[in-house]
């Protein structure tokens, strides 16, 4: 093969590049490499798709072969799209026009659009959304939500999506929680820091005004996004108003059903009496085994639990309840006769009412917990 002479531009350029002592950094070239890789994969994917289409038109592919080829083709295509999005957001090629949108409606519509996909993957997707307006570019918000869902999908069989207002600061909160009971059957081994997580982080960096946190516990993985540009901030969650009109109070709580769990006959009786005074019907059981059977038979609106039953078995019971009721409120009957504490806003927080304070304080605690879960 003929070699270029030293005085030819190509040879001189190549030699100059080889002699260069300038440091080279992968991080500096990563965006360009990412764009090039996405383009090359896209071109190869298109050639492969054309070949498959040709075989299909010639009736040389059966249904099983089409499925076998179609699944990896779809995965590669999606990977290419994610890489292209990542490069676009990193390059700042996104023009943002902030508008007031209802974050709950966006989440609801996005999840509805993908419900068949979730079913095919064997993923149970649950949601609990409350209306809250944020100022954000709609396209960016849609891309962010889908990137967050795509990150979560390979990580677990059960995923909860929640939209509400954080207690403090009063920002709109989008939370995606993956329960730690195994990956979906259609998923291969997945990493927390996958390409979708990189895209999620890059969208946050590009959009601005979003605080992103991720927490990993033995029970699962929780990712929380707080939107600083919340259109309607609130000072907290308002409890059900207490009224002197007993008929209106009974009317607001007539559909509420409570489950009381305590080995003490006296505590069970006192709690039922206190609940009856605010119009709440209740059943009582003596231990957690009976409580599990009662919940399976009829789902309560709230559970009142004796502090004597707290421990690993109660933690397991509460996790099982959460599988079917994300926000099941609990009130603890404490051994301290005079205690009375409202719950915080953490998922495992509980209100506490002392044994000697049941008649005076339980009704208020129950109504506050119910208001939080509405």
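Numbering (our numbering), first residue to last: 1076 to 1449. Glycine residues also receive a C-beta, built at the ideal position from the N, C-alpha and C atoms.
Do you know whose CA, among 1362, 1363 and 1346, lies nearest residue 1355's CA? 1346
Could you tell me whether the Cβ atoms of residue 1207 and residue 1251 are closer together than 9 Å? no
Could you say which of 1274, 1248 and 1335 lies nearest to residue 1303 if we only look at CA atoms? 1248
In the DSSP output, which residue or residues are listed as bridge partners for residue 1211? 1174
Along the chain, where does the beta strand (DSSP E) containing residue 1200 start, and where does it finish? 1199-1204
Could you name the residues of the same chain whose beta carbon sits closer than 8 Å to that of residue 1269, not counting the 5 residues immediately before and after it, in chain order? 1226 and 1229
Given 8 Å, three or more beta-carbon pairs between the region 1193-1202 and the region 1268-1285: no
Residue 1134, DSSP secondary structure in three states: coil
Specify the secondary structure class of residue 1440 as computed by DSSP and reduced to three states. helix
From the DSSP output, read off the bridge partner residues of residue 1405. 1378
Does the distance from the CB of residue 1393 to the CB of residue 1233 come in under 9 Å? no
Between 1180, 1416, 1390 and 1382, which lies nearest to residue 1409 when the distance is taken from Cα to Cα? 1382
Exposed unless 16 or more other CB atoms sit within 10 angstroms - verdict on residue 1444: buried
Since residue 1412 and residue 1429 should fall inside the 8 Å C-beta cutoff, what is the C-beta to C-beta distance between them, to a whole number of angstroms? 5 Å
Measuring CA to CA, which of 1395, 1231, 1286 and 1344 is closest to residue 1368? 1395
Reference residue 1178; option with closest CA among 1189, 1210, 1162 and 1193: 1210
Within a Cβ cutoff of 6 Å, which residues of the same chain sit near residue 1350, ignoring the five residues on either side of it in sequence? 1333 and 1357
Using CA coordinates, which residue listed in 1388, 1353, 1376 and 1348 is at the minimum distance from residue 1365? 1388
Roughly how many angstroms lie between the CA atoms of residue 1370 and residue 1123, to the nearest whole one? 53 Å
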